[in-house]
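**Student:** Residue numbers (my numbering), protein chains in the order written: chain A, 2 to 433; chain B, 2 to 433. Take this structure first; my questions come after.
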């Protein structure tokens, strides 16, 4: 008797001219694949077509012919180029009819959102005769399903947030997936090391991954996701053993083993320790504050942020001394320390981060090239500062510096003694 | 004699397990589509399969059957799961042979990069008998092409940077593209109207789009992109005529006809008028400031932003009166007006925006449900305020409110008299 179960053949059919013209990058496929992966199910086949009724119709029929499940994505909106319902009706050889339940749901949705219930919106409730509804908790597009020659076809919205909720809450539970999934994964989010740096560290440690386990990487800017995977139940013990070894090898470079952002991890640490935080930002211009405040419950740990872009405002808002600015320049140890000190005083926070750097593309000098940033972090009783160097484009620079601020706080809150690898790898010789 | 030229049918076949497991998002398709679009060519059909020889073989034969050109992407690497050469050989019914030129190039490449020229690498030069080489300027994967039943098949590397160079430098010049591209597009980015609202306005106006023009929409949160397209040169005058009509119909709702963000448009207006701006943010928590400062040259228009999340910091940083907070609550007209006034005083900016709202999911009341936001905007001489209502999730709420702040400034800077549609559609009865 085999331990393995044949996985279902699940295929995808994406539709939309915007997918064929290069106007958007398809992220929905990866999202669905990720939702399926805990069940050891990968996508079997995927096709993408424009807003072309004949082609859409042909592909629904063809792919349904060799798949157990077909997820059609896109083409459910209110406009004339949304053709999925018509294509499915043609394949099923049924009429398009007003679906009373869908129409009632849609009217209710429009009402709740204060949106006009007009002809364009109503089109979304005109569906192939006989389909079942698939509720959409987050949008107006009506999802529906039908059986075609033994294949279950789900028609889903192209908007990623709507698809995500509909797929995980409505479709996934209906799929004949193996609930004793055989694939098991351990994921880690690492900050401050690249793929080659991680591989180098694994190699140098002498850690030999057995062939039963797979090691994978995925960029999840500003972090890197590291994945260890066992494909068979008999390898779970191996997975556990090597996960421990990986945890030891990377130590505090591992930010989390779940899906939280680095700001979220810091928010949780602050909450647990009943501490409050503040930020004084020059080159990140509000990004650090916004990464924290995008999280539900940020008010539990945060009162104020200071975006001091000009030198004058560093003085007025944070009490940085003019003499210090003149002597050392805005991108200097003395200035970030005074910025942090001022922010801690004014906000009454326990901890904080201050950053001042050169995001570019203009503003670099020989001593302080574009990519240079001074960061101060800590509390009134101990303010630390360091100069880092991220010679990347402006946007990436801001994201990395913001994440670095959170990582320094995280290490402080966790009382990590070991120095992060980026102190060595990302330092610019201190020239203030 | 027809003016029309049939565009070539160019299809894509992507291969790789990583595309089916969700480990990577496919950005190659959009990159190819973008390279093709100046020639009026969109991708006709796209399929994606895992590392499955039989499926790959079947799809090459099938898609070549209805395409003029088939670009196969991925599966050219040195490992055993790189199957493209074998699949193509099977379809062509020829053997795999060592290709002398490819082998020589590869040896040279390995030498120049100080990489071992081992069996794994050599595998990349073992190609179907009779194919032509397609040089790879940036990597070791060997590109090649063959004719199958009148379809030209190009096999290309999956690494985005290698594909990009190979496609633009080697493949594009060989394609039978119309160098006098016939497609012409006019794009508009609109803020404050949804897809159905736009269609409704078009419908009510009596504007009848001729069948020669295509109207398309694309979400580009926080804006909506509206596209008018003529597919033939003889329709360019029509396109121009209807573009003007669309511009009249939507007026100042059109933020831009290029790729700029709404913050970028405001930055350019501020620069042109030599004005400086400031932001006082509660519910957006720094997002407004960061949307401006992510732009190169923000320092030309911006000195300071105030992230006042708590009531106490609204008092300390901006001078909001305690009595006002007690009488009206933080989400009120009086408070946002005082926030803005304080921010203008302290920063010395000419213009500003202040926001205070309930991003949720907690914190709503009957009078002020989640999604309520008070916005103040303007200058010291005239501060305006209005209460809006965006009952959407926290992240979307913050993005919409931030963009709304920029849009109100934009209308102020452009001295638009006509009231934006969102004043009617997104207002909550004023209860402060």
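Don't be surprised by glycine CBs; every beta carbon is placed ideally from N, CA and C. Here the structure is a predicted model, which means the values were calculated and not measured.
State the DSSP-derived secondary structure class of residue 232/B, mapped to helix, strand or coil.
**Tutor:** DSSP places residue 232/B in coil when its eight states are reduced to three.
**Student:** Got a sec? Which residues, its chain only, sit under 8 Å from residue 258/A by beta carbon, not counting five neighbours each side?
**Tutor:** 187, 188, 189 and 190.
**Student:** Beta-carbon of residue 80/A versus every beta-carbon of chain B: anything under 8 Å?
**Tutor:** True, the Cβ-Cβ gap to chain B drops below 8 Å.
**Student:** Output the distance between the C-alpha atoms of residue 2/B and residue 363/A, rounded to the nearest integer angstrom.
**Tutor:** With a pLDDT of 31 at residue 2/B, under the threshold of 50, the predicted position of this residue should be treated as unreliable, though the coordinate-derived value follows. The straight-line gap from Cα to Cα measures roughly 55 Å.
**Student:** Locate the alpha helix (DSSP H) running through residue 105/A, then write down its first and last residues.
**Tutor:** Residue 105/A -> alpha helix (DSSP H) spans 101-113.
**Student:** Would you say residue 147/A and residue 93/A are within 8 Å of each other, going by their C-beta atoms?
**Tutor:** Going by C-beta atoms, residue 147/A is nearer than 8 Å to residue 93/A.
**Student:** Could you check if residue 360/A is buried or exposed, using at least 16 other CB atoms within 10 Å of its CB as the buried criterion?
**Tutor:** Under this definition residue 360/A is a buried residue.
**Student:** Relative to the alpha-carbon of residue 248/B, which residue among 273/B, 199/B and 267/B has its alpha-carbon at the smallest distance?
**Tutor:** Nearest option by C-alpha distance: 199/B.
**Student:** With which residues is residue 255/A paired in a DSSP beta bridge?
**Tutor:** Residue 255/A is bridged to 191/A.
**Student:** Beta-carbon of residue 17/B versus every beta-carbon of chain A: anything under 8 Å?
**Tutor:** False, the Cβ-Cβ gap to chain A never drops below 8 Å.
**Student:** Residue 366/B: buried (16+ other C-beta within 10 angstroms of its C-beta) or exposed?
**Tutor:** Exposed is the call here.
**Student:** Quick check: the Cα distance between residue 421/A and residue 251/A, rounded to an integer number of angstroms?
**Tutor:** Those two C-alpha atoms are separated by around 10 Å.
**Student:** Rounded to the nearest angstrom, what separates residue 374/A and residue 316/A at their Cα positions?
**Tutor:** Straight-line Cα distance between these residues: approximately 19 Å.
**Student:** Starting from the Cα of residue 357/A, find the closest Cα among 350/A, 321/A, 173/A and 382/A and give me that residue.
**Tutor:** If we check each option's Cα against that of residue 357/A, 321/A comes out closest.
**Student:** Can you check whether the CB of residue 246/B is closer than 8 Å to the CB of residue 208/B?
**Tutor:** Closer than 8 Å, so yes.
**Student:** Compare the C-beta of residue 399/B with all C-beta atoms of chain A and state if any pair is closer than 8 Å.
**Tutor:** Yes, its Cβ sits closer than 8 Å to a Cβ of chain A.
**Student:** Are the stretch 122-133 of chain A and the stretch 43-52 of chain A in contact at 8 Å, needing three or more beta carbon pairs?
**Tutor:** No: fewer than three Cβ pairs fall under 8 Å.
**Student:** Using beta carbons (cut-off 8 Å, strictly below), is residue 21/B in contact with chain A?
**Tutor:** Closer than 8 Å: yes.
**Student:** Secondary structure at residue 148/B, three-state DSSP: helix, strand or coil?
**Tutor:** Three-state DSSP puts residue 148/B in a strand.
**Student:** Looking only at C-alpha atoms, which of 23/B, 171/B, 253/B and 415/B sits nearest to residue 270/B?
**Tutor:** Ranking 23/B, 171/B, 253/B and 415/B by Cα distance to residue 270/B puts 415/B first.
**Student:** Is there contact here, the stretch 150-164 of chain B with the stretch 105-112 of chain B, by at least three beta-carbon pairs under 8 Å?
**Tutor:** Judged by Cβ distances under 8 Å, the stretch 150-164 of chain B makes no contact with the stretch 105-112 of chain B, as fewer than three pairs qualify.
**Student:** Can you give me the start and stop residues for the alpha helix (DSSP H) that residue 421/A sits inside?
**Tutor:** First-last for residue 421/A: undefined, no H or E at that position.
**Student:** Can you check which of these residues, 87/B, 66/B, 82/B and 53/B, is closest to residue 11/B by C-alpha distance?
**Tutor:** It is 66/B whose Cα lies nearest to the Cα of residue 11/B.
**Student:** Compute the Euclidean distance between the alpha carbons of residue 395/A and residue 372/A, then round it to the nearest angstrom.
**Tutor:** Cα to Cα, the separation comes out at about 8 Å.
**Student:** Considering only their Cβ atoms, is the gap separating residue 286/A from residue 291/B smaller than 8 Å?
**Tutor:** Going by C-beta atoms, residue 291/B is nearer than 8 Å to residue 286/A.
**Student:** Could you name the residues of the stretch 303-322 of chain B whose beta carbon sits closer than 8 Å to any beta carbon of chain A, in the order they occur along the chain?
**Tutor:** Answer in chain order: 303, 304, 305, 306, 307, 308, 309, 310, 311, 313, 314, 317 and 318.
**Student:** Any heavy atom of the ligand SAH closer than 7 Å to the beta-carbon of residue 197/B?
**Tutor:** The ligand SAH is not part of the structure shown, which contains no ligands of any sort.
**Student:** Could you name the residues of chain A that residue 201/B contacts, counting a contact when the two beta carbons are closer than 7 Å?
**Tutor:** Simply 117, 119 and 121.
**Student:** Kindly indicate the opening and closing residues of the alpha helix (DSSP H) around residue 374/A.
**Tutor:** Segment 373-380 is the beta strand (DSSP E) holding residue 374/A; no alpha helix (DSSP H) there.
**Student:** What three-state label does DSSP hand residue 415/B in the structure shown?
**Tutor:** Note: residue 415/B maps to coil in three-state DSSP.
**Student:** Applying the criterion that 16 or more other CB atoms from any shown protein chain within 10 Å of the CB defines a buried residue, is residue 438/A buried or exposed?
**Tutor:** A query on residue 438/A cannot be resolved here, the shown segment of chain A reaching from 2 to 433 and no further.
**Student:** Is DSSP giving residue 186/A helix, strand or coil here?
**Tutor:** DSSP places residue 186/A in strand when its eight states are reduced to three.
**Student:** Against chain A, with Cβ distances strictly below 8 Å, would residue 190/B count as a contact?
**Tutor:** Output row for residue 190/B: interface = no.
**Student:** Please classify residue 351/B as buried or exposed, where buried requires at least 16 neighbouring CB atoms within 10 angstroms.
**Tutor:** Classification for residue 351/B: buried.
**Student:** Can you give the Cα-Cα distance for residue 253/A and residue 303/A, rounded to whole angstroms?
**Tutor:** Cα to Cα, residue 253/A sits roughly 24 Å from residue 303/A.
**Student:** Can you tell me which of 305/A, 312/A and 72/A puts its alpha carbon nearest to the alpha carbon of residue 318/B?
**Tutor:** Nearest C-alpha to residue 318/B: 305/A.
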